[in-house]
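This report refers to the structure that appears directly beneath it.
Number of protein chains: 2
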Amino acid sequence: MPHIIGQGQCATCQIRHLSIFAELEDVLNEDIRSFHPSVMVFDAAETVYRQQSVANSAFTLRKGVVKLIKMLPNGRSQIIRLLRKGDLFGFDGFAGEAYNHTAIAVTNSEVCRLPLNELMALKKKNPEIEQAMMMRWIRDLREAEDMMLELGAKKAGERLASFLFKWCGENGSWQELPLSRLEMGELLGLTIETVSRFLSDWKRKGLINESRGSMQIADADALRELVCMNGSC
Amino acid sequence: MPHIIGQGQCATCQIRHLSIFAELEDVLNEDIRSFHPSVMVFDAAETVYRQQSVANSAFTLRKGVVKLIKMLPNGRSQIIRLLRKGDLFGFDGFAGEAYNHTAIAVTNSEVCRLPLNELMALKKKNPEIEQAMMMRWIRDLREAEDMMLELGAKKAGERLASFLFKWCGENGSWQELPLSRLEMGELLGLTIETVSRFLSDWKRKGLINESRGSMQIADADALRELVCMNGSC
DNA sequence: CGCGTTGTTGAGTGGATTCAATGGATGTGG
DNA sequence: CCACATCCATTGAATCCACTCAACAACGCG
Numbered sequence: 010m011p012h013i014i015g016q017g018q019c020a021t022c023q024i025r026h027l028s029i030f031a032e033l034e035d036v037l038n039e040d041i042r043s044f045h046p047s048v049m050v051f052d053a054a055e056t057v058y059r060q061q062s063v064a065n066s067a068f069t070l071r072k073g074v075v076k077l078i079k080m081l082p083n084g085r086s087q088i089i090r091l092l093r094k095g096d097l098f099g100f101d102g103f104a105g106e107a108y109n110h111t112a113i114a115v116t117n118s119e120v121c122r123l124p125l126n127e128l129m130a131l132k133k134k135n136p137e138i139e140q141a142m143m144m145r146w147i148r149d150l151r152e153a154e155d156m157m158l159e160l161g162a163k164k165a166g167e168r169l170a171s172f173l174f175k176w177c178g179e180n181g182s183w184q185e186l187p188l189s190r191l192e193m194g195e196l197l198g199l200t201i202e203t204v205s206r207f208l209s210d211w212k213r214k215g216l217i218n219e220s221r222g223s224m225q226i227a228d229a230d231a232l233r234e235l236v237c238m239n240g241s242c
Numbered sequence: 010m011p012h013i014i015g016q017g018q019c020a021t022c023q024i025r026h027l028s029i030f031a032e033l034e035d036v037l038n039e040d041i042r043s044f045h046p047s048v049m050v051f052d053a054a055e056t057v058y059r060q061q062s063v064a065n066s067a068f069t070l071r072k073g074v075v076k077l078i079k080m081l082p083n084g085r086s087q088i089i090r091l092l093r094k095g096d097l098f099g100f101d102g103f104a105g106e107a108y109n110h111t112a113i114a115v116t117n118s119e120v121c122r123l124p125l126n127e128l129m130a131l132k133k134k135n136p137e138i139e140q141a142m143m144m145r146w147i148r149d150l151r152e153a154e155d156m157m158l159e160l161g162a163k164k165a166g167e168r169l170a171s172f173l174f175k176w177c178g179e180n181g182s183w184q185e186l187p188l189s190r191l192e193m194g195e196l197l198g199l200t201i202e203t204v205s206r207f208l209s210d211w212k213r214k215g216l217i218n219e220s221r222g223s224m225q226i227a228d229a230d231a232l233r234e235l236v237c238m239n240g241s242c
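Chains A and B, in that order, give the protein sequences. Sequence positions in the first sequence follow my numbering and run 10 to 242. Sequence positions in the second sequence follow my numbering and run 10 to 242.
Right under this line is the structure:
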């Protein structure tokens, strides 16, 4: 079960530089010093909030990976976004709306719960927060646009390769990738089997490597060559 | 060629109630009275701005329909969003970014060009504008999320039907739908032929009607019954 | 009228899904 | 430590949905 492990100290938080409070240079700022959001922990697969429920808190991810998903009545589901350390989410309440998606922990995670009314007051008094949130919304929107291009205009292999490039980078480094085949499919609009087939094929060809939940792009050029033949990525 | 037809009078603009200035109740507000964005007209197919170019203006659509599109190097393209009267677009500059998509007029259109620096100043002085823009960003993001579900989790017929329901409503009214088959395809991630086949089929079955660029859902229940059999919409 | 553009329809192909069986890893209890 | 259960990934075979290619029809326009 998710539970609260304490009250956060935003002013001295380790991930403050990633958060919407990053720009508040004055660490002695009264507002931020007196703001103590609950820090909550979620095990993998536990739900942070549900679509349609009243959005009276926003959240910042401190640790772990969280997925935002939408579901169809028939059970098919789509991962809308993957969240990493420092990401702000669940802010529909700012527009007076209920949550538009469900947030579920992919790995064990730590989350700061930011009550909407407190955050709103804080934002009103500190324009830097307002600014930081605006930057994030615009960035989120841009990424959503990019994702629509992926889903609408690319084929299976192209989507999967794009995703790996984005997640792992192109420099051959190993990156933790805590997603199951099912989840990669739900993110990219593909089935388990399709994801598995492409990954297996690329592994056989030595283009990527995988080990204990981590992934490496061994030969980015060759992968791009193989998948994105005519400039399709 | 697109051209400027004059300076807008925001305070007395006919679509002010739809714009980000709607909440500024004080019509005598000095700021808004002295703000005179250029009003530009674009013929169908003309470009408002291009992806990658410097985003030094945002825009409000006064009249017509504009599409935001992204293109792949190989020519495939995806319509990210359709804009209607009152919509705000092209605000990437607020995050210091270049435009992330290309904006093209679908029909003859009128657009207000809002220089970024002026709009920023206006926003800083008038929290209502800030608030209105925030609401829009969040709404835009929610719609983008909905679209990701469409593109990632639904089949061709389901996507097309959802789109028609959203555009035409469910009450059997006629709505102008100034999109070609190609554009509907680009919006929904389908080909011309697929769109045409479904629409022809539904017309033959008397579920929808089309005439001179307008569309009507004649039998919403039957359409939903046919397409969304197991709760897939 | 001829022409270009857009929409329709058919036939064939192919890509991704579905269905099904197997394999591998992990964990639990005896 | 092994037997067993469970979960996830892999692989094959068959199916189906949407795409591609192609021909033709409809429409608007000069």
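In this text, a Cβ means the ideal position worked out from N, Cα and C, and glycines have one as well. All values derive from a computational prediction rather than experimental measurement.
From the DSSP output, read off the bridge partner residues of P124(A). Beta-bridge pairing links P124(A) to S66(A).
Starting from the C-beta of T116(B), find all residues in its chain whose C-beta is less than 6 angstroms away, skip the five residues before and the five after it, and write them out in chain order. Counting only Cβ-Cβ distances below 6 angstroms, and skipping sequence neighbours, we find A53, G73, V74 and P187.
Can you name the residues of chain B whose CB is closer than 7 angstroms to the CB of Q87(A)? Correct list: M157, L158, G161 and A162.
How about K133(A): is its C-beta nearer than 9 angstroms to some C-beta of chain B? So yes, K133(A) belongs to the interface.
Does the CB of M142(A) have a neighbour CB from chain B at under 9 angstroms? Under the Cβ distance rule, M142(A) counts among the residues neighbouring chain B, one pair being separated by less than 9 angstroms.
Which same chain residues end up closer than 7 angstroms to I41(B) when comparing Cβ atoms and leaving out the 5 residues on each side of it in sequence? Correct list, in chain order: C19, A20, F30 and L33.
Counting only Cβ pairs nearer than 8 angstroms, list the residues of chain B close to E139(A). Chain B residues near E139(A): E139.
Helix, strand or coil: which one does DSSP assign to V74(B)? If DSSP states are grouped into helix, strand and coil, V74(B) belongs with coil.
Which whole-angstrom value describes the C-beta separation of L77(B) and R90(B), a residue pair presumed to lie in contact below a C-beta threshold of 8 angstroms? The beta-carbon separation of L77(B) and R90(B), rounded to 5 angstroms, stays under the 8 angstroms limit for a contact.
Using the rule of at least 16 other Cβ atoms within 10 Å of the residue's Cβ for burial, across every protein chain shown, is H271(B) buried or exposed? One cannot answer for residue 271(B) here, as it falls past the ends of chain B, which runs 10 to 242.
Of all the beta strand (DSSP E) runs that stay within the bounds of the region 147 to 234 of chain A, which reach a length of 3 or more residues? As summarised for the region 147 to 234 of chain A, the continuous beta strand (DSSP E) elements at least 3 residues long and confined to that stretch are 183 to 185, 217 to 220 and 223 to 226, given in chain order.
Where DSSP assigns a beta bridge to M80(A), which residues make up the other side? DSSP, once it has assigned bridges, lists S86(A) as partnering M80(A).
Any beta-carbon of chain B closer than 9 angstroms to the one on L70(A)? With its beta carbon at least 9 angstroms from every one in chain B, L70(A) lies outside the interface.
I14(A) lies in the alpha helix (DSSP H); which residues open and close that run? Here I14(A) belongs to no alpha helix (DSSP H); instead the beta strand (DSSP E) covers H12 to Q16.
Please return the same chain residues whose Cβ sits closer than 8 angstroms to the Cβ of G99(A), not counting the five positions on each side in sequence. Within the same chain, G99(A) has close Cβ partners V57, Y58, A64, S66, A67, F68, Y108 and A112.
Please identify, using Cβ separations under 7 angstroms, the residues of the region 206 to 222 of chain B that lie next to chain A, in order along the chain. The region 206 to 222 of chain B vs chain A, Cβ under 7 angstroms: nothing.
Quick one: does E55(B) have its CB under 9 angstroms from some CB of chain A? Taking Cβ atoms only, chain A never reaches closer than 9 angstroms to E55(B), which makes this a no.
Endpoints, the alpha helix (DSSP H) within which I41(A) is located: Its alpha helix (DSSP H) spans residues E39 to R42.
Put I113(B) into one of helix, strand or coil per three-state DSSP. Collapsing the DSSP output to three states places I113(B) in a strand.
How do the region 152 to 172 of chain A and the region 149 to 166 of chain B stand: do at least 3 beta-carbon pairs fall below 8 angstroms, yes or no? The answer is yes - the region 149 to 166 of chain B touches the region 152 to 172 of chain A, with three or more Cβ pairs under 8 angstroms.
Verify the CB distance criterion: does S241(A) have a CB-CB separation below 9 angstroms to chain B? Yes, because at least one Cβ of chain B sits closer than 9 angstroms to the Cβ of S241(A).
For F98(B), list the residues DSSP reports as bridge partners. Answer by DSSP bridge pairing, in chain order: F68(B).
First and last residue of the beta strand (DSSP E) that includes M243(B)? As displayed, chain B neither begins before 10 nor continues past 242, which places residue 243(B) out of reach and without an answer.
If you draw a straight line from the alpha carbon of G84(A) to that of M238(B), how long is it in whole angstroms? Straight-line Cα distance between these residues: approximately 13 angstroms.
Exposure of G194(A), with buried meaning 16 or more beta-carbon neighbours within 10 Å: Flag for G194(A) reads buried.
Could you list which residues in chain B have their beta carbon closer than 9 angstroms to that of D149(A), in chain order? Simply W146, L150 and A153.
For K79(B) and chain A, any beta-carbon pair shorter than 9 angstroms? Taking 9 angstroms as the CB threshold, K79(B) lines the interface with chain A.
Straight-line Cα distance separating C242(A) from N218(B): It is roughly 38 angstroms from the alpha-carbon of N218(B) to the alpha-carbon of C242(A).
State yes or no: is the beta carbon of A104(B) nearer than 9 angstroms to at least one beta carbon in chain A? Against chain A, the CB of A104(B) has a partner CB under 9 angstroms away; the residue lies at that interface.
Measuring only the C-alpha atoms, how far is K79(A) from E106(A)? Going from the Cα of K79(A) to the Cα of E106(A) covers about 16 angstroms.
Indicate whether at least one CB of chain B lies closer than 9 angstroms to the CB of R233(A). By this cut-off, R233(A) is not an interface position.
Only counting the same chain, and skipping five residues up and downstream in sequence, which positions put a Cβ closer than 8 angstroms to that of S62(A)? Here the set comprises A107 and Y108.
Relative to chain B, which residues along the region 107 to 136 of chain A have a C-beta separation below 9 angstroms, given in chain order? Along the region 107 to 136 of chain A, going in chain order, the ones with a CB nearer than 9 angstroms to a CB of chain B are N109, H110, K133 and P136.
Minimum C-alpha distance to P46(B) - residue among H26(B), I14(B) and L27(B): Nearest C-alpha to P46(B): I14(B).
Between A229(B) and A114(B), what straight-line distance do the alpha-carbon atoms span, to the nearest angstrom? Taking the straight line from one Cα to the other gives about 30 angstroms.
Using three-state DSSP, classify L91(B) as helix, strand or coil. In the structure shown, L91(B) sits in a strand (DSSP, three-state: E or B).
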